[in-house]
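Note sheet for the following structure.
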Amino acid sequence: MSDASFSLNGTHPTVNWLGQVRAPGTPGSLPLIRQTVVEAAETCGFCDEDVAKIEMAVGEACTNIIEHSYSTQPLNLDIEVKVGRYDNRLEVTILDYSSINFAVDQMAAVPLDDYIATGRRRGLGLFIIQSFVDKVEHRFVCGQGNELKLTKFFA
Numbered sequence: 062m063s064d065a066s067f068s069l070n071g072t073h074p075t076v077n078w079l080g081q082v083r084a085p086g087t088p089g090s091l092p093l094i095r096q097t098v099v100e101a102a103e104t105c106g107f108c109d110e111d112v113a114k115i116e117m118a119v120g121e122a123c124t125n126i127i128e129h130s131y132s133t134q135p136l137n138l139d140i141e142v143k144v145g146r147y148d149n150r151l152e153v154t155i156l157d158y159s160s161i162n163f164a165v166d167q168m169a170a171v172p173l174d175d176y177i178a179t180g181r182r183r184g185l186g187l188f189i190i191q192s193f194v195d196k197v198e199h200r201f202v203c204g205q206g207n208e209l210k211l212t213k214f215f216a
C-alpha cells in the first residue's frame, strides 16, 4: 500500500499506511509479519522498548491465529496485516479468514503471578497482547473471519 494519506468523506481520521503484508497462516510467515510491523513502529519514532512490545503483541496474535484458529481449518488460509499511522497512534489491523470467533478483546489473560505459580511454559499470549498495546479491539464477521486491531498511542 502506498504512503499516501486519505480521508473518507472528511469523517474519518487521516491515515498514513506504513505497511501491509498478506502471507500464509503458517509459522514461516511470522518473521515477515514481524519485520513489517517493526519497520512501521520505528518509522513512527517509538522507542526500542515500545517497538519490541508492538512486535511481540502482533507476533502473539498471529501465533494464536495459526495455532488456535487455523489448526482446525481444512484449507490453507492467509493472515493479512495492515499498519497505519494516525495523528496520535499506530494501528495494526490483523485479518484472518477463520470460521472461529476468537474475541481476544473479551478474553481474560491469566494474571502473571498465577501463570508463574503453575510452572507453565506457554499461555502468555493474551497477557502479552493486552499488556503491550494500549487498546485491543476485535470484530468477527461470520463467513469472513476475525479483524483484530491493536493500537499503541504516541507518548
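Position 91 of the sequence shown, counted from 1, bears residue number 152 in the working numbering, the numbering being contiguous throughout.
The beta carbon of each residue, even a glycine, is placed where N, CA and C say it ideally should be.
Work out the CA separation of Asn162 and Glu110 for me, nearest whole Å. 31 Å
Determine the burial state of Asn125: buried for a count of at least 16 other Cβ atoms within 10 Å of its Cβ, exposed for fewer. So Asn125 counts as buried.
If Ala113 and Leu151 are in contact, beta carbons under 8 Å, what's the gap, nearest whole angstrom? Not quite, the Cβ-Cβ distance comes to about 14 Å (not below 8 Å), so this is no contact.
Just grab the DSSP bridge partners of Lys114 for me. BP columns for Lys114 are empty, so no partner.
Quick one: Cα of Val98 to Cα of Ser160, how far? 25 Å
Distance between Thr75 and Ile140 (C-alpha atoms, nearest Å): 25 Å
Distance cutoff 8 Å, beta carbons only. Does Phe107 sit that close to anything in chain D? The structure shown contains no chain D; it is built from a single protein chain.
Smallest Cα separation from Pro88: which of Glu198, Thr154, Glu121? Glu121
Assuming Leu156 contacts Gly206 (C-beta within less than 8 Å), just tell me the rounded distance between them. 6 Å
Do Val153 and Leu93 have their CB atoms nearer than 8 Å? no
Taking 8 Å as the threshold (C-beta atoms), are Val202 and Ala118 in contact? It is not a contact, given that the beta carbons lie outside the stated cut-off.
What does a CB cutoff of less than 6 Å around Lys143 pick up in its chain, not counting 5 residues either side in sequence? Gln81, Thr154
Does the Cβ-Cβ distance between Ile127 and Gly86 come in under 8 Å? yes
Within 8 Å, strictly: CB atoms of Ile189 and Val197: no
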